[in-house]
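Chains R and V, in that order, are what the protein sequence lines are. Converting from the first sequence to my numbering requires adding 19 to each position, the first position being numbered 1. Converting from the second sequence to my numbering requires adding 19 to each position, the first position being numbered 1. Glycine included, each C-beta is placed from N, C-alpha and C at the ideal position. All figures in this text were calculated on a predicted structure; none of them were measured in a lab. Step one of this worksheet: look at the structure below.
Protein chains: 2
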Amino acid sequence: MPPESIPFITPDALLDHWQGHRRLTRRVIAAFPDDKLFSFSLGGMRPFGAMAMEMLTMAVPMVQGAISGDWNASTSRDPRPKQDVLRLWDESTGTLNSLWPQIPAQRFRETLTAFGQYPGALHDLILYVIDNEIHHRGQGYVYLRALGIEPPPFYERG
Amino acid sequence: MPPESIPFITPDALLDHWQGHRRLTRRVIAAFPDDKLFSFSLGGMRPFGAMAMEMLTMAVPMVQGAISGDWNASTSRDPRPKQDVLRLWDESTGTLNSLWPQIPAQRFRETLTAFGQYPGALHDLILYVIDNEIHHRGQGYVYLRALGIEPPPFYERG
């Protein structure tokens, strides 16, 4: 088997892994008091609600762009009620599941320019979206702890 | 090609991705003042030095265990001078590079029990180690910001 065909992980398993992270991130969003989601922060950083909206404007748009070449997705990160963020989150979950199988298997290692400005192999671009979610969710954990709220366990993804 | 042979990402590209993260984490460790690395924290959480030591006791030991079945690695996370943490980090970088090609390609999707207690497919166990690094490094960013220190850019991995 040629080296480029030996998988570390398959697309199906990677989607499962990502959706596990997204279930955890949903619990972190839900753990915030409604009045803190877009107001509380530490160290002059953004509130967690803005980070969650950023995640939403990266996940489906990245996959949609990789399939269609259309990168014109909404980038609004404006404050909104927690229930609206959770509703958008759940919609993204279903959309990701339906879009993912439409990515041609060869495309993951092809280079493209995401959002018209970020070049990279598609697998690295998708990992960047996931890693960005983990990075900011970790910051949300600190916010929750500072608010005296126990965050959901990091290792639970079901 | 059977579905289990379609890569989202290959082992070589995944190691590059991981080492990119590890270069960024090294810069975050280096950004802490020596006297804050094992003392400063927020929300009753661990100081960043303890998190960095945890990363060290997960990365090489996970890969070593996956190759050899030997899970008896050091788990010391005791405080030590920043230069010692950075030296251990650099040693791990070289060890990871030399161990990684020794993992048989088939093994990534096989189930094993890491450290005698964490069952999972090897690709998920390795992603857990990387994700744990990203998660805690994100927390280190909050600590640095709270200390008035600008963290290194998240997107720079070189």
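When you compare the CB of residue i with every CB in chain R, is at least one pair closer than 9 Å?
{"i": "F27/V", "result": "yes"}
{"i": "A165/V", "result": "yes"}
{"i": "G68/V", "result": "no"}
{"i": "Q158/V", "result": "yes"}
{"i": "V161/V", "result": "yes"}
{"i": "F134/V", "result": "no"}
{"i": "P30/V", "result": "yes"}
Count the other CB atoms within 10 Å of the CB of residue i; is the residue buried (16 or more) or exposed (fewer)?
{"i": "Y162/R", "result": "buried"}
{"i": "E152/V", "result": "buried"}
{"i": "Q160/R", "result": "Rather than Gln, the amino acid found at residue 160/R in this sequence is Tyr. Buried, by the Cβ-count rule."}
{"i": "T44/R", "result": "buried"}
{"i": "P120/V", "result": "exposed"}
{"i": "D109/R", "result": "exposed"}
{"i": "S87/R", "result": "exposed"}
{"i": "Y147/R", "result": "buried"}
From what residue to what residue does the beta strand (DSSP E) around residue i run?
{"i": "A133/R", "result": "T130 to A133"}
The alpha helix (DSSP H) that contains residue i, what's its start and end?
{"i": "G227/R", "result": "Residue 227/R lies beyond the range of chain R shown here (20 to 177); nothing can be said about it."}
{"i": "I74/V", "result": "Position check: residue 74/V holds Met in this sequence, whereas Ile was assumed. Residues F67 to L75."}
{"i": "Q83/V", "result": "A78 to S87"}
{"i": "A49/V", "result": "P30 to A50"}
{"i": "W110/V", "result": "Inspection of the sequence shows that residue 110/V is occupied by Glu rather than by Trp. From DSSP, the alpha helix (DSSP H) with E110/V extends over K101 to L118."}
Would you mind giving the Cβ-Cβ distance between residue i and residue j, rounded to the nearest angstrom? I have them listed as a contact below 8 Å.
{"i": "V47/R", "j": "R156/R", "result": "5 Å"}
{"i": "E73/R", "j": "R96/R", "result": "6 Å"}
{"i": "T114/R", "j": "V79/R", "result": "5 Å"}
{"i": "P26/R", "j": "P123/V", "result": "The pair is not a contact, with the Cβ atoms about 13 Å apart (cut-off 8 Å)."}
At a Cβ threshold of 9 Å, is residue i touching chain V?
{"i": "I145/R", "result": "yes"}
{"i": "L33/R", "result": "yes"}
{"i": "A140/R", "result": "yes"}
{"i": "I86/R", "result": "no"}
Quiz item: Taking a cut of 9 Å between CB atoms, which residues from the region 88 to 113 of chain R lie near chain V?
Solution: So the list is empty, because no residue satisfies the distance condition.
Quiz item: Residues in the region 41 to 63 of chain V with C-beta within 7 Å of chain R's C-beta atoms, listed in sequence order?
Solution: L61, G62 and G63
Quiz item: Going along the region 113 to 129 of chain V in order, which residues come within less than 8 Å of chain R, judged by CB to CB distance?
Solution: Cβ contacts with chain R come from A124, F127 and R128.
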